[in-house]
Amino acid sequence: MSDALTALSPLDGRYAGKVDALRPIFSEYGLIKARVKVEVEWLLALANDPGIVELKSFSEAAAARLRALADGFSVEDAARVKAIEATTNHDVKAVEYLIKERLKDDAELGPALEFVHFACTSEDINNLSYALMLNEARLSVLLPKLDALIQKLRAMAHDYAALPMLSRTHGQTASPTTVGKELANVVARLQRQGEVLAGLPMPGKINGAVGNYNAHVASYPDIDWPVFSKHFVESLGLDWQPYTTQIEPHDGVAELCDVSKRIDTIAIDLCRDIWGYISQGYFKQAVKAGEVGSSTMPHKVNPIDFENAEGNFGIASALFEHFSIKLPVSRWQRDLTDSTVLRALGTAFGHMLIGFDALQRGLNKLSVNPERLAADLDASWEVLAEAVQTVMRRHGLPNPYEQLKALTRGQGITEASMREFIATLDLPAADKQRLLAMTPGSYTGLAEQLAREI
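Just add 43 to wherever you are in the sequence shown, counting from 1, and you've got the numbering used here.
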């Protein structure tokens with residue numbers, strides 16, 4: 044508990060338990076483990092190429108032992124890397140030395156020590172490691188959370204598809220909708236961004252100190268290194284980036300950050316709308332025994348989950364914005380500014396994850412208040428002016444917009460005054476009867492249908 048109380052970041056303090064899914068991915072341990080995996084797979088790829096005659100192909104048992112080093116990599120192993128780094132003052136070199144340390148006494152793998160990190164610059168290992176980390180976070184954490192949110196909103200959209208609600212454009216009463224249709228709008232937006240998130244390529248490169256395979260060609264001029272590189276990167280489940288400086292240009296990371304920011308923005312939009320609807324009384328929140336809404340006002344049940352979600356999505360978006368405009372920029376063939384920035388990726392995704400959980404928690408507490416919805420509609424007969432003037436236009440009545448403007452703008456319109464106006468119109472009987480039967484609650488167009496189709 045003391046560690047949580049003295050943590051500098053709320054992700055490691057107050058919210059530590061909420062981001063456990065990301066800890067093995069974006070922690071220092073997670074980064075070191077990913078580096079070990081890339082180094083191990085690179086050594087295996089070199090050993091499998093007959094053109095590298097000085098490196099014998101490994102037996103299945105030796106390859107399994109080598110992969111076990113990466114697959115079974117522990118926090119204690121990472122601590123050993125950090126101890127080596129204390130001497131080398133270089134994090135990637137420390138990983139290389141750790142692997143050599145573990146292989147040196149192996150009869151079959153020991154002779155291959157100098158092919159660990161062969162022809163690599165640190166960024167060959169780093170960019171692939173971060174790509175693997177981001178891929179794992181996207182597939183195992185973000186997309187499942189987004190899918191769960193979409194499913195919840197879709198279920199609500201269907202449940203409330205037919206429940207009419209007064210719209211407000213510019214804060215003023217407007218053509219009615221349904222609660223379900225408004226939620227369906229959010230589902231459609233999130234679905235689109237989810238498809239983008241799932242389909243984004245995650246680029247990676249392994250081409251040496253400035254992207255030209257200089258050391259590779261100097262050592263083995265007869266190997267087709269671009270083909271070798273492409274095969275290796277794709278074997279990791281990543282997309283090959285053929286043209287780079289020393290660093291992979293991070294455009295793929297920026298794209299991932301941009302779509303994550305758009306998801307955050309949509310979620311913030313939803314949080315603010317729900318917050319407003321709670322304030323209007325359209326939604327009620329379940330009361331949890333023992334919870335306090337205000338330190339001084341006992342009656343309050345505050346929309347804290349939506350406020351918490353909005354705040355955390357906002358922090359995440361600010362970080363994603365910085366990542367997407369900073370990471371693709373590097374002086375000449377390489378500067379080091381991306382190194383420290385990349386280490387903060389987990390912070391952005393951590394706040395995004397907290398936002399998802401808070402939003403889901405808030406939605407689970409909601410129930411609609413049909414009486415309040417109906418009361419607002421019944422007090423807003425002026426919204427039928429749109430329907431009436433449009434039917435008047437169809438039948439060629441003079442100045443329909445101006446007539447309804449004079450009737451409704453800035454004036455209180457009642458059911459009686461609206462129906463009295465309709466009764467005076469020279470319209471076909473069927474159309475007049477349809478308008479006379481219309482209420483604000485029935486004037487919802489295709490909202491119910493659209494909500495059910497999402």
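No residue lacks a Cβ here, since even glycine has one placed at the ideal position from N, Cα and C.
- A distance below 7 Å separates the beta carbons of residue 188 and residue 399.
- Taking C-alpha positions only, residue 383 is separated from residue 366 by approximately 11 Å.
- Looking at 47, 315, 491, 296, the one whose alpha-carbon comes closest to that of residue 176 is 296.
- Between residue 392 and residue 180, the C-beta gap is smaller than 7 Å, which places the two residues in contact.
- Membership of residue 440 in any alpha helix (DSSP H) is not indicated, and neither H nor E is assigned to it by DSSP.
- Taken in chain order, the unbroken stretches of alpha helix (DSSP H) that lie wholly in the region 368-421 and span 4 residues or more are 380-385, 388-407, 413-421.
- Looking from the CA of residue 353, the closest CA among 119, 385, 404, 378 belongs to 404.
- According to the DSSP assignment, residue 462 belongs to the alpha helix (DSSP H) that extends over 458-466.
- In the DSSP assignment, residue 323 falls outside any beta strand (DSSP E) and within the unbroken alpha helix (DSSP H) covering 294-323.
- Within the same chain, and ignoring the five residues on either side of residue 431 in sequence, the residues whose Cβ sits closer than 7 Å to its Cβ are 447, 465, 478.
- Counted as a single uninterrupted DSSP element, the beta strand (DSSP E) harbouring residue 219 occupies residues 215-221.
- In this structure the region 132-148 does not touch the region 55-66; the number of beta carbon pairs closer than 8 Å is below three.
- Rounded to the nearest angstrom, the Cβ distance from residue 137 to residue 131 is 5 Å, consistent with a contact under 8 Å.
- Sequence-distant Cβ neighbours of residue 356 in its own chain, meaning closer than 6 Å and more than five residues away, are 307, 310, 311, 398.
- Taking 7 Å as the cut-off, the Cβ atoms of residue 143 and residue 152 do not count as close.
- Of the candidates 314, 410, 251, the residue whose Cα lies closest to the Cα of residue 287 is 251.
- Taking the Cα positions, residue 274 is about 13 Å away from residue 266.
- Judged by DSSP secondary structure, residue 187 falls outside any beta strand (DSSP E) and instead within the alpha helix (DSSP H) spanning 186-202.
- Excluding five sequence positions before and after residue 451, the CB atoms of its chain that fall closer than 6 Å to its own CB belong to 425, 428, given in chain order.
- Using a C-beta cut-off of 8 Å, the region 82-93 makes no contact with the region 200-214, since fewer than three inter-stretch Cβ pairs fall below that distance.
- Of 232, 92, 277, 376, the smallest CA-CA separation from residue 290 is found for 376.
- Residue pairing of residue 481 in beta bridges, as defined by DSSP: absent, with no partner found.
- Residue 49 and residue 56 have their C-alpha atoms roughly 7 Å apart.
- By a beta-carbon distance limit of 8 Å, residue 299 does not contact residue 241. Their separation comes to about 11 Å.
- The three-state secondary structure of residue 70, taken from DSSP, is coil.
- Here residue 116 has 76, 79 as same chain residues with Cβ atoms under 6 Å from its own Cβ, once five neighbours each way along the sequence are excluded.
- Taking the Cα positions, residue 325 is about 18 Å away from residue 213.
- Comparing alpha carbon positions, the residue from 74, 106, 349 closest to residue 124 is 74.
- For residue 283, the beta-bridge partners assigned by DSSP are 247.
- Boundaries for residue 116: no beta strand (DSSP E) harbours it, and the DSSP string shows neither H nor E there.
- Secondary structure of residue 209 (DSSP, three-state): strand.
- Minimum Cα-Cα distance from residue 193 among the listed residues 231, 171, 264, 476 corresponds to 231.
- The straight-line gap separating the alpha-carbon atoms of residue 165 and residue 284 is approximately 16 Å.
- Cα atoms of residue 141 and residue 119: separation of roughly 12 Å, rounded to the nearest angstrom.
- If one requires a minimum length of 4 residues, the alpha helix (DSSP H) runs lying completely within the region 76-140 are 103-114, 118-131, in chain order.
- Under the three-state reduction of DSSP, residue 328 is assigned to strand.
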